[in-house]
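Novice: Have a look at this one.
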Amino acid sequence: MLNSSTNLQANWHQASDHCKSSGMELVSITNQADYNQLTAFVARELNCTVLCAVWIGANDLGSEGTFTWTATGRRVGFTYWKSNQPDNKHGELEEHCVEVLHHPKDNFLWQWNDSVCKHEKYFVCERVNNCIQEFS
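Start counting the sequence shown at 1; every next residue gets the next number (UniProt numbering).
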């Protein structure tokens, strides 16, 4: 189940905290179906025509160039990077957090981009099945 706070923008860390406080995590995209669901959801919820930038739960904060999902700690497998991304370039600032960016003017068509974590963007949370099994 996806959930967005339509008018709420936050930096990546605040977005992650907001999701956790609601019993959710920033969304993980593990396959094409997840990606299609996310982009359709965001386009509908945010009415994206000119520019939409949405945080997802991937980052390389632990190890440069190794992107993992914050919800599970697993390495990112499925990706939808724009060509020449990730590039870790934004002037003097490093880019460690992943956004899905729709900005046709710059040829971003719902593609992934690494971005500066402290920039404020929309974000999408999802309920994660955190099944904890007791050891016998």
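Backbone N, C-alpha and C fix where the C-beta goes; we use that ideal spot for every residue, glycine too.
Are the CB atoms of W12 and N59 within a distance shorter than 8 Å?
Specialist: Yes, these two residues count as a Cβ contact at 8 Å.
Novice: Going straight from the alpha carbon of E64 to that of D87, what length do you get?
Specialist: In a straight line, the C-alpha of E64 is about 11 Å away from that of D87.
Novice: Using a threshold of 8 Å, state whether the C-beta atoms of V54 and V124 are closer than that.
Specialist: Yes.
Novice: Compare the C-alpha of K121 against each of L26, T72, L61, W69 and name the closest.
Specialist: Minimum Cα distance to K121 is reached at L26.
Novice: Using DSSP's beta-bridge definition, name the partner residues of D114.
Specialist: The partner list for D114 (beta bridge, DSSP) reads V98.
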